[in-house]
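This report refers to the structure that appears directly beneath it.
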Amino acid sequence: MKEKSWVGILFSYTKGSKIKLSLSILLAIISVFGGLLPYLGVYHIIIMFFAGTQTGSKILYWAGICLGGYLIKILFYGFSTVLSHRSAYKILENIRLAIADKLMKVPLGTVLNESIGKMKNVIVDRVETIELPLAHLIPEGLSSLLLAVSVLVYLIVVDWRMAIAGIISIPLAAIPYGIVMRTYNKKYDDYMKASNYVNGVIVEYIEGIEVIKAFNHASISYEKFQKAINDFKDYTLDWFQSTWKLMNLGSAILPSTLLGTLPLGMYLYINGLLTPADLTISIILSLGIVETLTKFTVFVNDLKSIEYALRDADQFLNLKELPSVRQQVKLKNYNIKLENVSFSYLQDENNKENVLTNIDLEIPEGSFTALVGPSGGGKSTIARLMARFWDVGKGAIKIGDTDIRDIPLTQLTDTVSFVTQDNFLFNSSLLENIRLGNSKASDEEVKEAAKAACCHEFIEELDGGYNTLAGEAGNKLSGGEKQRIAIARAILKNAPIVMLDEATAFTDPENEDKIQKSIAALTKGKTLLVIAHRLSTIRNADNIVVLNNGRIEDTGSHEKLLKDCKLYRDMWQAHIGSKAWAANSDQNIEGEVVSNV
Ligand code: ADP
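259 is the number of the first residue of the sequence shown in the numbering used here; add one for each residue after it.
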């Protein structure tokens, strides 16, 4: 497929700003023509003096034209810039919203596999770099170019020979500039790669600072950080050093327009081929052309930075979306069926390693099913596929006999609650964090859910109660408390299917009891799938599925599996062993007997 040009990408995001953008361009053009009036005024005043026809009122008249033109130039340029900034920010908004919208529509895996640092860098920083150049490029760039061309036309009208002399410095300056530009694209590309690398290292350093400190890796990580920054500095300086002589030569030649106009003008004047008035105005005009063109050279870099930022943004904007239907479907029931499901995280056809292979599984409505098995066996993957974070590679997952790919994503999300161990809290009030489960819930309903999830007490004890910001409360909340808030959110959502990635990380005996209570409230009467890490909590499941290496090793009740499945028996023994060990250590510490399993 042909790559879209960056100008095309840019213009596809001008929705809502096209009128402002066009108006900004129009005002810039008016400003340019205002800028020409002083030249006209000066020309006439010079002519008057040479002809000896000057009078006070005539001079005042043309001086007024000059001043009026100058005011038009300044004022309209100002209006144009205001509009161009507004348009540029609107374009930025459109691009950022489009990326955010895209991230919602692509498979979750695609988002999770991107580094947060890179995404933040593109969505916030790189997109921001478009604003200033874009806002200035429109009025300034356009008016610089237009002014240069208009002044040149004016100069041609005055005297075409002087016009040529006035722009002779341009081809001369083009030689050193041209030499620099030959490697510019490649150099800019390398510069951006180096800049992205530094960005990545900085983000990694900050994100990983806890691990770096905990494992005393400060010096090694700092060296990597320092090296990246030094390399970037060296690269930038090298590039600067390799070009500054030629760039300065170009900048010195470009405005030296008098080198052409003065000797030629004098020659023409002495030989009676140019009037003194035309000589003077030609010299003034030629200075006008070059001043504006010099401004324009600055925009070469700006254009490049817009191009790169847009290309980075476009990478996200072009991500493949998860296909979704719009039409709501009526689900017959909430039976879940996995039919011959295979899945690989790798999309590359030649390099596919199945994480799940030929999984057949039925989870009847209202039943309690547990997934158990060694770590990496594919338990979480099954749950994620059911929530359609990814699509299955082969086979199908059905709810009430409807393939989940034929259920609109919003309906599927309403049907399935997935409580994971990653209990993310947004930095809004705890009330709003729970209300995420159901945006229409009243404060009372939110509090009822919080009570059912054993959150009410500890929330009430916080200084701000339910209005405490999660960010502020975050440091004070234990892992278990955060988890219960996530469960309250799911209780409020009240979806008919609940999937639970049972957490082990934050369990202490008191919390364990509360979590079990809150889970009981969440799962009452629901089709329940639990990814189990502690087998004692799922002993009563209707069906336990033992997953090993992406395949179902066995299924059945706890008693049946203890009898028939060696892997399950071993896991159970290990679990009892660890419980006994935990009990003994409790006994040693507290001097009381803790009952076994
Ligand atoms: P479990 O929940 O049983 O511990 P998972 O379903 O998390 O197992 O993982 C199954 C396999 O899939 C593992 O080998 C794991 O490395 C791999 N895996 C999990 N998530 C991803 C991912 N986002 N990208 C690539 N591979 C993954």
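We treat Cβ as the ideally placed atom computed from N, Cα and C, and that holds for glycine.
Exercise. Assuming Leu366 contacts Phe334 (C-beta within less than 8 Å), just tell me the rounded distance between them.
Key: Between Leu366 and Phe334 a beta carbon distance of about 50 Å is seen, past the 8 Å cut, so the two are scored as non-contacting.
Quiz prompt | Own chain partners of Thr538 with C-beta closer than 7 Å, once the 5 adjacent residues on each side are dropped | solution = Excluding positions up to five away in sequence, the list reads Ile304.
Quiz item: What separation, rounded to the nearest whole angstrom, lies between the Cα atoms of Leu750 and Leu787?
Solution: 18 Å
Practice problem: Using only the heavy atoms of the ligand ADP, determine whether one of them is closer than 6 Å to the beta carbon of Lys485. | Solution: Checking the Cβ of Lys485 against the ligand ADP gives no.
Quiz item: Ala699 by DSSP, collapsed to three states: which one?
Solution: Assigned with DSSP and collapsed to three states, Ala699 falls in coil, not helix or strand.
Self-check item: Residue closest to Ala567, alpha-carbon to alpha-carbon, out of Met450, Gln312, Thr781, Glu718
Solution: Nearest of Met450, Gln312, Thr781, Glu718 to Ala567, Cα basis: Met450.
Quiz item: Is any heavy atom in the ligand ADP found nearer than 6 Å to the beta carbon of Tyr603?
Solution: yes
Quiz prompt | Spatial neighbours of Trp830 in its chain, beta-carbon cut-off 7 Å, leaving aside the 5 residues before and after | solution = Leu793, Leu820
Practice problem: Examine the Cβ distances between the segment 655–666 and the segment 682–692 and report whether three or more of them are shorter than 8 Å. | Solution: Result no; under three Cβ-Cβ pairs closer than 8 Å.
Quiz item: Is the distance from the Cβ of Asp417 to the Cβ of Ser540 below 7 Å?
Solution: yes
Exercise. Look up Asp447 in the DSSP assignment and say whether it is helix, strand or coil.
Key: helix
Exercise. Tell me whether Lys637 counts as near the ligand ADP, meaning its Cβ is closer than 6 Å to at least one heavy atom of that ligand.
Key: yes
Self-check item: Option in Lys775, Ile564, Gly458 with minimal Cα separation from Tyr446
Solution: The option with the nearest alpha carbon to Tyr446 is Ile564.
Quiz item: Could you check where the alpha helix (DSSP H) with Ala346 kicks off and where it finishes?
Solution: 314–363
Self-check item: Distance cut-off 6 Å: Val650 Cβ against heavy atoms of the ligand ADP
Solution: Val650: no, Cβ never under 6 Å from the ligand ADP.
Quiz item: Helix, strand or coil: which one does DSSP assign to Ile388?
Solution: coil
Quiz item: Is any heavy atom in the ligand ADP found nearer than 6 Å to the beta carbon of Gly466?
Solution: no
Practice problem: Output the residue ranges of the alpha helix (DSSP H) runs that lie fully inside the segment 649–735 and measure 4 residues or longer, sorted by chain position. | Solution: 667–673, 688–693, 701–710, 714–719, 728–732
Exercise. Kindly examine the ligand ADP and report whether one of its heavy atoms sits closer than 6 Å to the Cβ of Ser600.
Key: no
Practice problem: Determine which residues share a DSSP beta bridge with Ser809 and list them. | Solution: Looking at the sequence provided, one finds Arg at residue 809 rather than Ser. Beta-bridge partners assigned by DSSP to Arg809: Asn806.
Quiz prompt | CA nearest to the CA of His714, picked from Arg742, Asn807, Glu690, Gly737 | solution = Arg742
Quiz prompt | Ile437 beta carbon less than 7 Å from that of Leu504 | solution = yes
Quiz item: DSSP on Asp618, reduced to helix/strand/coil?
Solution: strand
Quiz item: Are three or more beta carbon pairs between the segment 273–282 and the segment 343–359 nearer than 8 Å?
Solution: Output reads yes: the segment 343–359 touches the segment 273–282.
Quiz item: Can you list the alpha helix (DSSP H) stretches of 4 or more residues lying completely in the segment 510–572, in chain order?
Solution: 516–528
Quiz prompt | Euclidean distance between Cα positions of Trp497 and Asn488 | solution = Looking at the two C-alpha atoms, the distance is approximately 14 Å.
Self-check item: DSSP state of Ala746 mapped onto helix, strand, coil
Solution: helix
Self-check item: heavy atom of the ligand ADP below 6 Å from Gly634 C-beta
Solution: yes
Practice problem: Using three-state DSSP, classify Gly814 as helix, strand or coil. | Solution: Correct three-state label for Gly814: strand.
Practice problem: Reducing DSSP to helix, strand and coil, say where Ser600 ends up. | Solution: strand
Quiz item: Around the Cβ of Phe601, are there at least 16 other Cβ atoms within 10 angstroms (buried) or fewer (exposed)?
Solution: Phe601 comes out buried.
Quiz item: Would you say Leu604 and Gly636 are within 7 Å of each other, going by their C-beta atoms?
Solution: no
Self-check item: Whole-Å CB distance - Ala645 paired with Met757, under 8 Å assumed
Solution: Contact flag correct, Cβ pair sits at about 7 Å.
Quiz item: With Leu522 and Ala406 assumed to form a contact (beta carbons below 8 Å), what rounded beta-carbon distance in angstroms separates them?
Solution: With 8 Å as the limit, Leu522 and Ala406 do not qualify as a contact, their Cβ atoms being about 20 Å apart.
Quiz item: At what residues does the beta strand (DSSP E) containing Leu758 begin and finish?
Solution: 755–759
Quiz prompt | 7 Å Cβ cutoff met for Asp618 and Gln679 | solution = no
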